[in-house]
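> Chains as they are written, first to last, in the working numbering: chain U, 192 to 481; chain C, 58 to 215. Even for Gly, the Cβ is constructed at its ideal location relative to N, Cα and C.
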C-alpha cells in the first residue's frame, strides 16, 4: 500500500518545525516514529498534505530524573525506555507498559510522545501517564506550555495539542518512598491492542493505608479512563482484597467499551475489573505492602 | 510534490536515489535498488517479512519512508553472506531447518542478527521475545529458535 502524495519536511530545529506547522495548519502532521501515522496514511484512513519529521531535531531523546521529576524527551524511542535502568528500577509501571507496546521491531522506531499525541485510546502509555499524574510539555509559536495529563485526552484521536504544537517532553513526578505501580494488559497476541488494560500507581502511608492512588484503563472508552470514584474508594483504607475488589468494580463502572472482535461490552468491562484488581495488587506489593 | 535526492548506505555501499516523499523504504530497496531479498508480507506493520536493519536496529521497512533513511545505514539479507560463506545465522537456518516456505526468512535472519549483535548468549525466552514481531506460519517457531541458538554458539566459537 502506498500513501497518497504529501510533501516531506525535515527541519533541523524545533522553531523551524513549529514554523512549518504554523504555515501549513491542519494540512500538516508531525512525523515522530511513524509507527501509527504511516499505517494510517497507507490505509488512507488518514490524510496529510505535509509531514513534518521531527526525527532530525537534536535534543528530543532523553530519559533523566531532575528536580524531583522524571523527564522523558518527546521523541524518545520505546526501545530506549525499555532498556533504561532508571525506568526498570524506579518506574516499574513504565517498564511494564513499554514491554507490551506493539512488538520489539516497532518499539525500535515508535516514540513515547507519539504514543500520547496520537490520542488513540488503544495505546498503552496514556493510562499509565494518567495513573502517574504526568504532565505534557508542548511547544508552539507562542512558546512552551505545560498540560496536565488529565486535560490532555479530549476524545477519540483528539488531544489538547494544537495543530502547530509539538509534544517535546513528558514529566512524571518522582514517586515518594513506599510507592509502587503496575500495568497489566490483556491482549490476544503480541502486537495487538489491549482487549483491556489497567494502570495503577499507589503510595502507602506509614500505617499501611493508601495515601495516594492513580488508576486508569486502556481501550475501554473513547479516551483512556481514569476513575476518581475508584481512587476515592481506596484513600485512607488498608489494601485488603475486599477494598481492592470494590475499587476495581468502580473503575470498570466508569468504562464505556465498544464491542468488536476482541469481545463484547460485558466481557471487556469485566476484564477491566479483573485487570484493575490485579494492577492494584501488584502496585501494592511493589510499594512494599501486603 | 517535490522529490528528494537521498544517499543511503546499503550493505556498506553508498547508493543515491531521487525519491518521492511517500516512497516506502521497502519499495526503495526492492524496486529502485533491485534488492528483492527483503519481502513484503502484510504491508501493515504486523508480519516483519520486510525487516531490515536501520543503523543496526531491526525495523519494519514497510513503515519507514525512504527519505527517512537519508544519510543512514541499511542492512538487508543480501549483505549477510561474506566471500561466498553464509552468515552463522543463515547457516543455522540451513542446519536446523529453520524455514519451510521461506517467506518470513529474510526478516527472521535480520532480527536474529540484530539480537546476536547485542547478546552473546540469549536464552530461549530472549530469542522468542526478539522474534515476536516476525510472524512465521509454517514452522511453529521451534526450528527458528534452534537456528538462532546454533548461530549464537557458532559466533561464540569465533
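Tell me the DSSP bridge mates of residue 399 (chain U)?
Beta-bridge pairing links residue 399 (chain U) to no other residue.
> Using a Cβ-Cβ distance under 7 Å, would residue 198 (chain U) count as near chain C?
Yes, contact with chain C.
> So the alpha helix (DSSP H) residue 150 (chain C) belongs to, where does it begin and stop?
Counting along the chain, the alpha helix (DSSP H) containing residue 150 (chain C) begins and ends at 145-152.
> How is the beta strand (DSSP E) around residue 131 (chain C) delimited, first residue to last?
130-132 is the span of the beta strand (DSSP E), which, as asked, contains residue 131 (chain C).
> Could you say which of C:81, C:98, C:145, C:116 lies nearest to residue 203 (chain C) if we only look at CA atoms?
Out of C:81, C:98, C:145, C:116, C:145 has the C-alpha closest to the C-alpha of residue 203 (chain C).
> Hey, would you say residue 294 (chain U) sits closer than 7 Å to residue 190 (chain C), going by beta carbons?
Yes, the pair counts as a contact, with Cβ atoms nearer than the cut-off.
> Is residue 337 (chain U) closer than 7 Å to residue 328 (chain U) when the C-beta atoms are compared?
Yes, they are a contact pair.
> Which residue comes first and which comes last in the beta strand (DSSP E) that contains residue 244 (chain U)?
It spans 241-244 - the beta strand (DSSP E) in which residue 244 (chain U) sits, taken as one unbroken run.
> Should residue 193 (chain U) go down as buried or exposed, given a rule of 16 or more other Cβ atoms within 10 Å for buried?
The residue in question, residue 193 (chain U), is exposed, as its Cβ has fewer than 16 Cβ neighbours within 10 Å.
> In three-state DSSP terms, what is residue 371 (chain U)?
If DSSP states are grouped into helix, strand and coil, residue 371 (chain U) belongs with the strands.
> Listed in chain order, which residues of the segment 106-122 of chain C have Cβ atoms closer than 9 Å to some Cβ of chain U?
So the list reads 108, 111, 114, 115, 116, 117, 119, 120, 121, 122, given in the order they occur along the chain.
> Going straight from the alpha carbon of residue 70 (chain C) to that of residue 108 (chain C), what length do you get?
Answer to the nearest angstrom: the Cα atoms are 19 Å apart.
> Per DSSP, which one or two residues make a beta bridge with residue 75 (chain C)?
DSSP, once it has assigned bridges, lists C:62 as partnering residue 75 (chain C).
> Return the Cβ separation of residue 196 (chain U) and residue 58 (chain C) in integer angstroms, given the expectation that the two are a contact with Cβ distance under 8 Å.
5 Å between Cβ atoms; contact.
> Check whether the Cβ atoms of residue 321 (chain U) and residue 407 (chain U) sit closer than 7 Å, and answer yes or no.
In this structure, residue 407 (chain U) lies closer than 7 Å to residue 321 (chain U) by Cβ.
> From the DSSP output, read off the bridge partner residues of residue 377 (chain U).
DSSP, once it has assigned bridges, lists U:387 as partnering residue 377 (chain U).
> Does the contact criterion of 3 or more C-beta pairs under 8 Å hold for the segment 219-236 of chain U versus the segment 300-315 of chain U?
Yes, since at least three Cβ pairs between the segment 219-236 of chain U and the segment 300-315 of chain U fall closer than 8 Å, the two stretches touch.
> Can you name, in chain order, every residue of its own chain whose Cβ lies under 6 Å from the Cβ of residue 289 (chain U), other than the five neighbours on each side?
Here the set comprises 269, 272, 273.
> Do residue 350 (chain U) and residue 310 (chain U) come within 7 Å of each other at the CB atom, strictly closer than that value?
Yes.
> Beta-carbon of residue 413 (chain U) versus every beta-carbon of chain C: anything under 7 Å?
It does not; no Cβ of chain C falls within 7 Å.
> Compare the C-beta of residue 79 (chain C) against all C-beta atoms of chain U and say whether one is closer than 7 Å.
At least one chain U Cβ lies under 7 Å of residue 79 (chain C).
> Using only the alpha-carbon positions, how far apart do residue 174 (chain C) and residue 194 (chain C) sit?
About 26 Å.
> What in chain C is Cβ-close to residue 381 (chain U), meaning under 9 Å?
Correct list: 186, 189, 190.
> How big is the Cα-Cα spacing for residue 376 (chain U) and residue 446 (chain U)?
Distance between the alpha carbons of residue 376 (chain U) and residue 446 (chain U): 15 Å.
> Report all residues from its chain with a CB closer than 7 Å to the CB of residue 157 (chain C); omit the five preceding and five following residues, and keep chain order.
Contacts found: 195, 196.
> Measuring straight from C-alpha to C-alpha, what distance separates residue 159 (chain C) and residue 80 (chain C)?
Whole-angstrom Cα-Cα distance: 26 Å.
> Sort out for me which residues DSSP pairs residue 349 (chain U) with in a bridge.
BP columns for residue 349 (chain U) point to U:346.
> With three or more C-beta pairs closer than 8 Å as the rule, is the segment 449-463 of chain U touching the segment 378-395 of chain U?
Yes, they touch.
> Can you check whether the CB of residue 67 (chain C) is closer than 7 Å to the CB of residue 118 (chain C)?
No, these two residues do not count as a Cβ contact at 7 Å.
> What residue range is occupied by the uninterrupted alpha helix (DSSP H) comprising residue 216 (chain C)?
The first residue shown for chain C is 58 and the last is 215, placing residue 216 (chain C) beyond what the model contains.
> Taking 7 Å as the CB-CB cut-off, is residue 294 (chain U) touching chain C?
Yes, residue 294 (chain U) counts as interfacial toward chain C.
> Counting only Cβ-Cβ distances shorter than 8 Å, please list the residues of the segment 244-273 of chain U near chain C, keeping chain order.
Here the close residues are 244, 246, 270.
> For the alpha helix (DSSP H) that contains residue 164 (chain C), what are its first and last residues?
From DSSP, the alpha helix (DSSP H) with residue 164 (chain C) extends over 162-175.
> By Cβ distance below 7 Å, which residues in the same chain neighbour residue 402 (chain U) in space, the five residues on each side in sequence not counted?
Correct list, in chain order: 394, 395, 396.
> So which residues on chain C does residue 192 (chain U) lean against when the C-beta distance must stay under 7 Å?
Within 7 Å Cβ-Cβ: 100.
> Taking just the CA atoms, how far does residue 256 (chain U) sit from residue 280 (chain U)?
Roughly 12 Å separates the two Cα atoms.
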